Amino acid sequence: MWFFKRKGSSGFSSSSTAEKVTHGIDASGLTAIVTGASSGLGCETTRVLALRGVHVIMGVRNMAAGRDVKDAIVKEIPAAKVDLMELDLSSLASVRKFASDFNSSGRPLNLLINNAGIMATPFMLSKDNIELQFATNHLGHFLLTSLLLDTMKKTARESDIEGRIVNVSSESHRSPYPEGIRFDKINDQSGYKKFLAYGQSKLANVLHANELARRFKVSCLLSFFLEKVSGST
Ligand SMILES: NC(=O)c1ccc[n+]([C@@H]2O[C@H](COP(=O)([O-])OP(=O)(O)OC[C@H]3O[C@@H](n4cnc5c(N)ncnc54)[C@H](OP(=O)(O)O)[C@@H]3O)[C@@H](O)[C@H]2O)c1
1 MWFFKRKGSS GFSSSSTAEK VTHGIDASGL TAIVTGASSG LGCETTRVLA LRGVHVIMGV
61 RNMAAGRDVK DAIVKEIPAA KVDLMELDLS SLASVRKFAS DFNSSGRPLN LLINNAGIMA
121 TPFMLSKDNI ELQFATNHLG HFLLTSLLLD TMKKTARESD IEGRIVNVSS ESHRSPYPEG
181 IRFDKINDQS GYKKFLAYGQ SKLANVLHAN ELARRFKVSC LLSFFLEKVS GST
């Protein structure tokens with residue numbers, strides 16, 4: 001289809017592969033966390049980051065599936081640096097444990113790829129009693145990001161390399177409930193529509209990414225300004 005081949009300003013199109021986009025990049029020395037790395041986009045993201053030299057921590061709920069993916073990657077790329085850590089994004093306790101274990105490992109963190117997701121599930125509640133798609137796709141990643149931010153900032157300061165947080169959203173962010181995010185009705189089973197609830201959670205991913213970008217732009221400008229001021233005294 002012609003529109004899959006139409007190139008954007010990056011020079012790539014939606015038919016460009018991860019390998020093509022990262023061709024020629026040596027990313028050794030970087031560390032990434034990829035959530036939902038046991039299948040689909042997360043699995044391919046992990047493979048290609050590892051191919052480019054990144055040390056990837058796979059945040060996975062299904063450890064057996066994660067181990068299979070890791071083994072396949074290491075078989076294809078013997079020098080790959082890939083580790084597994086258990087992470088269930090639908091459980092705030094699991095997210096806290098993952099972040100605490102990661103932070104106390106002393107590892108740096110350059111890239112956080114918030115990829116894991118579920119789509120259009122029947123109405124269910126998470127372990128914390130929150131509608132499952134919103135809990136998994138947005139809240140788990142929101143908490144994870146917040147808990148890893150200090151480590152990412154420290155890594156960026158020490159390495160002088162900007163970090164990146166990637167929220168994998170969807171075109172469905174354009175199709176949430178008519179009122180957008182139903183903050184006061186997140187758990188309303190009677191009005192639940194599984195595709196609109198998916199759109200709502202993906203809209204939250206976009207808003208979260210926008211707000212992170214806004215805050216970091218402000219704080220980068222502020223530290224640049226402070227550096228200039230302290231350098232001139
Ligand atoms: N594929 C597409 O066409 C498409 C289009 C637009 C957006 N997206 C977005 O892209 C992302 C990846 O989608 P995909 O197509 O690759 O889906 P997928 O193949 O179903 O993979 C989803 C991954 O998320 C994991 N996951 C689900 N619930 C989890 C939880 N509670 N805790 C931790 N991990 C969990 C799954 O792990 P388990 O193995 O444990 O289930 C799986 O590894 C999603 O955010 C999706 O919304 C995909």
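Okay, so the sequence shown: first residue is 1 according to our numbering, each after it adds one. Positions of the beta carbon are idealized from the N, C-alpha and C atoms, including for glycine. For clarity, every value in this text was computed on a predicted model and none was experimentally measured.
Pair within 8 Å by beta-carbon distance, residue 181 and residue 203: yes
Residue environment, residue 73, which counts as buried when at least 16 other CB atoms sit within 10 Å: buried
Cβ distance (whole Å) where residue 84 is taken to contact residue 67 below 8 Å: 6 Å
Separation of residue 193 from residue 161, as counted between CA atoms: 42 Å
Through-space distance from residue 51 to residue 233, alpha-carbon basis: Low per-residue confidence applies at residue 233: pLDDT is 45, beneath 50, and the placement is therefore not dependable, though the value from the model is reported in the following sentence. If I take the Cα positions, the gap works out to 46 Å.
8 Å Cβ cutoff met for residue 143 and residue 207: no
Rounded Cβ spacing between residue 167 and residue 114 (contact assumed at less than 8 Å): 5 Å
Rounded separation between residue 209 and residue 112 - CA only: 12 Å
Alpha-carbon to alpha-carbon, residue 136 and residue 97: 16 Å
Cβ-heavy atom distance, residue 124 to ligand 1, below 7 Å: no
Residue 137 CB to nearest heavy atom of ligand 1 below 7 Å: yes
Straight-line gap, residue 124 to residue 37 (C-alpha atoms, nearest Å): 23 Å
Under 8 Å between C-beta atoms of residue 89 and residue 116: yes
Inter-residue CB distance, residue 159 and residue 122 (contact presumed, cutoff 8 Å): Not really, about 45 Å apart at Cβ, beyond 8 Å.
Residue 134 and residue 219 closer than 8 Å at C-beta: no
Given residue 99 as reference, the closest of 35, 80, 17 and 11 once Cα atoms are compared: 35
As assigned by DSSP and simplified to three states, the class of residue 233: Per-residue confidence for residue 233 stands at a pLDDT of 45, beneath the threshold of 50, marking its modelled position as unreliable; the derived number appears in the next sentence. Note: residue 233 maps to coil in three-state DSSP.
Residue range of the unbroken beta strand (DSSP E) whose run includes residue 81: 81-86
8 Å Cβ cutoff met for residue 56 and residue 22: no
Residue 16 at chain B interface by Cβ criterion, 8 Å: No chain B is present in this structure, which holds just one protein chain.
Pair within 8 Å by beta-carbon distance, residue 169 and residue 205: yes
Nearest to residue 82 (by Cα), restricted to the options 32, 27, 128 and 41: 32
Three-state secondary structure (DSSP) of residue 45: helix
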